[in-house]
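In the working numbering, the protein residues as written are 1 to 875.
C-beta: ideal position from N, C-alpha, C; glycine also.
As the structure is a computational prediction, the values presented were derived from the model and not from experiment.
Shown next, in structure tokens, is the structure this report addresses.
Structure follows, in structure tokens:
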């Protein structure tokens, strides 16, 4: 243990990082010291620490470098120094994924894990399980079972945790070692009991009945480990989520509120408020516990309690009101995180009269807290603006002051999002919100945020009371900012010119100056907009300035396919799906937020998967995927075979993707396929079976159909049947008992091909519906008009709007899907594209009388068959 002692000179030197500015090459050359005889433990430990530090700092070691360092490190097994040996185990774990032939140390690790030195054994077990593969598992199984029931808690815990990690090597490890884990569950050590329960749950998690039996048994005993008790509460809550009638489990969780461990009490309270039971009786007990924790002398308990109440205030503000007095006392808490959560909770539950006072209290210390908790404040203000619209002036002034403070991108983006959300929900706040955002971009240092705000100004500014006041702010960005911001500013100016004819001459002057910009993107945009804006009388001017956002990967794929073709026909851009916009929830808890990464649209991800299947190449190569439907359940969730279907629509083809799951442990399915009876007009092109479907392993089979020539026949019902060859097998190993199987089939629900499966909504905020409607008439679109009385289940205008949008698959334009409260008449404006690139515009005039909704539906489309299909489907 002398290696832990520091010289007096080292202590006098003070702090600092002794490993700063190290070079990988130098450290690896020093590793040659491992080969010296005799081994210098102190020197080798220092060098090995350097290697581990480099790896954990993200330094990448090549395979040769890692292998050489690994084999040099194995020489250190001859040393009996405890610290050095523990570092060797860490080194083996870190290098095992990079170095080659690491299996050579298996015998040394096995010897250490079965030796008499307890300081070696636990670490050796962890290292050994890191390098173990499926072929070695049988060789160490006997030793691992002995280690799980070992008298040393450190050894037993190491073996239990390692067995959980080994499930990635062999899925049935936990099940094979469940008997030993059951014995370890009786241990007096709190960590051993906790880890043993984890292994037992892993062994039985796929069998709901076995988990229920385990939980029921343990709820009748008293677990000594508070960690195990917390895990048991979570297991019970998972069962309660699936079966709300499990009164015994609910009583167990509620009884944990009286546990002697504060950790278990909090876990039980947190679980009860998240169970979804909103009755006052169910929430009274956990809230009283959280209220008691708010006055605890321990900061961790106060923080946990106020964080849970903060989250709960989103869904049950009335229930949290009982804790308002305790939360008021926490406003002055020395821990600013606790104070922030307390105030934001009060903002969510307090009255309108207390808003001004709370905002003043927040202002006194908001500059002292971290960006993370500043975002929590912003989210609370966002909820408050929705709750008390008349307070928008005070709250937006506070937000604008926060915008001027120092902060990172995430913090500033949260404020901008909140201001935008307030503007969308309250028309009175629009002018003030735009003014605050204009002031912010004068000093905004985040390019992405500046571009987004300029885009918003281009969308909302032209419809404001004084559009000209925003031109100066936008043109300043052209003069002062980076190329990407200048390009966004040019587009925003064009929006003003297109929407506000009085501003057109002045904006054209500004855009002509932008044609001299040093960046080609800015010059190209300015030249493009100038050329369009000079055609002042063209009714299609605005759509050219504000084109719909397209999915870039899908556009690229469509262009590649077009180049490969003969190119006899012009490129049809309507076949390209729109970009997917991810709407943020209006109320989010920042502490549980995960930063969203850019992602593919749903169609893009499916297209990427389908294009990798050779049998589908003839369909996916010729045209892009038009639309993928929502998942359709063809079986009940409790049945022995689960089958779900996703319908992929192309211009002329329909691919049915059937995701299958076998829930029988004693059966292996082979040659699995879903057979269909094509309706009249449909043509079966081919099917792709799933060769093998083992227990609890998902598999996929495909059917390719060609749409009928008659568009009217495309809406149809398709009978489906699951067919397969079944082979009985051993439930423990999954190995079939016999060489031959037997053919079997399983009836599935009928599959509906609907109008919405063939329609993609393309309307949105950017669509000027009236201009598009008039342009459709000028271009000779066919028009059909019918009057309908909607069904008895539709008794409100809101329900009628939701039902119509979902049924037709079209998108609502100009926020027409929002029905003002108290109205008895509403006009719903819809737009979209039918497969094959055929544009569709629809206008539905709805009227409500005596809980009966009547509708006059007008449809315009270049293809009269499409218009007729829509009206006939509604009828």
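Test item: CB-CB of residue i and residue j under 8 Å
{"i": "residue 881", "j": "residue 200", "result": "A question about residue 881 goes unanswered here, because the residues of the chain that appear run from 1 up to 875."}
{"i": "residue 185", "j": "residue 232", "result": "no"}
{"i": "residue 436", "j": "residue 409", "result": "no"}
{"i": "residue 748", "j": "residue 721", "result": "yes"}
{"i": "residue 320", "j": "residue 344", "result": "no"}
{"i": "residue 715", "j": "residue 760", "result": "no"}
{"i": "residue 143", "j": "residue 106", "result": "no"}
{"i": "residue 87", "j": "residue 129", "result": "no"}
{"i": "residue 451", "j": "residue 394", "result": "no"}
{"i": "residue 659", "j": "residue 620", "result": "no"}
{"i": "residue 845", "j": "residue 856", "result": "yes"}
{"i": "residue 249", "j": "residue 273", "result": "no"}
{"i": "residue 474", "j": "residue 492", "result": "yes"}
{"i": "residue 45", "j": "residue 67", "result": "no"}
{"i": "residue 937", "j": "residue 532", "result": "Outside the shown range of the chain, which is 1 to 875, sits residue 937, and nothing can be said about it."}
{"i": "residue 614", "j": "residue 557", "result": "no"}
{"i": "residue 831", "j": "residue 809", "result": "no"}
{"i": "residue 293", "j": "residue 283", "result": "no"}
Residue span of the alpha helix (DSSP H) that contains residue i, given as start and end
{"i": "residue 797", "result": "797-808"}
{"i": "residue 453", "result": "447-460"}
{"i": "residue 301", "result": "299-312"}
{"i": "residue 881", "result": "This structure cannot speak to residue 881, because the chain is shown only from 1 to 875."}
{"i": "residue 670", "result": "Where residue 670 is concerned, there is no enclosing alpha helix (DSSP H), although the beta strand (DSSP E) it sits in stretches over 667-676."}
{"i": "residue 433", "result": "430-442"}
{"i": "residue 17", "result": "Element bounds for residue 17: n/a, residue is neither H nor E."}
Closer than 8 Å to chain C by CB, residue i
{"i": "residue 347", "result": "No chain C is present in this structure, which holds just one protein chain."}
Limits of the unbroken beta strand (DSSP E) element including residue i
{"i": "residue 647", "result": "641-649"}
{"i": "residue 85", "result": "Element bounds for residue 85: not the beta strand (DSSP E) but the alpha helix (DSSP H), 82-95."}
{"i": "residue 782", "result": "782-789"}
{"i": "residue 691", "result": "690-693"}
{"i": "residue 726", "result": "720-728"}
Three-way DSSP call (helix, strand, coil) for residue i in this model
{"i": "residue 750", "result": "coil"}
{"i": "residue 703", "result": "strand"}
{"i": "residue 845", "result": "strand"}
{"i": "residue 853", "result": "strand"}
{"i": "residue 40", "result": "coil"}
{"i": "residue 825", "result": "strand"}
{"i": "residue 759", "result": "strand"}
{"i": "residue 862", "result": "coil"}
{"i": "residue 683", "result": "strand"}
{"i": "residue 662", "result": "strand"}
{"i": "residue 869", "result": "helix"}
{"i": "residue 149", "result": "coil"}
{"i": "residue 745", "result": "strand"}
{"i": "residue 270", "result": "helix"}
{"i": "residue 657", "result": "strand"}
{"i": "residue 199", "result": "helix"}
{"i": "residue 592", "result": "Residue placement at residue 592 is poorly supported in this model, since its pLDDT is 36, which falls under 50; the coordinates still yield a value, given next. Helix, per DSSP."}
{"i": "residue 208", "result": "helix"}
{"i": "residue 874", "result": "helix"}
{"i": "residue 289", "result": "helix"}
Neighbourhood of residue i by C-beta distance below 6 Å, restricted to the same chain and skipping five residues each side
{"i": "residue 127", "result": "89, 92, 93 and 109"}
{"i": "residue 696", "result": "206"}
{"i": "residue 307", "result": "341"}
{"i": "residue 453", "result": "437 and 441"}
{"i": "residue 187", "result": "193"}
{"i": "residue 59", "result": "24"}
{"i": "residue 499", "result": "462"}
{"i": "residue 312", "result": "273 and 320"}
Cβ neighbours of residue i in the same chain (closer than 8 Å, five flanking residues each side left out)
{"i": "residue 428", "result": "389 and 392"}
{"i": "residue 490", "result": "478, 511, 514, 522, 525, 526 and 529"}
Contact set for residue i: own chain, Cβ-Cβ below 7 Å, skip 5 residues either direction
{"i": "residue 396", "result": "419, 422, 429, 432, 433 and 436"}
{"i": "residue 784", "result": "859, 867, 868 and 871"}
{"i": "residue 468", "result": "503"}
{"i": "residue 49", "result": "87"}
Proximity test, residue i beta-carbon vs the ligand HEM heavy atom, cut-off 7 Å
{"i": "residue 231", "result": "Summarising the ligand content, the structure contains no ligands, and the ligand HEM is consequently not present."}
Taking the runs of the alpha helix (DSSP H) that are 4 residues or longer, which of them lie wholly in the segment 89-137?
-> 106-113 and 118-131
Which residue spans inside the segment 373-411 form an unbroken alpha helix (DSSP H) run of at least 4?
-> 392-404
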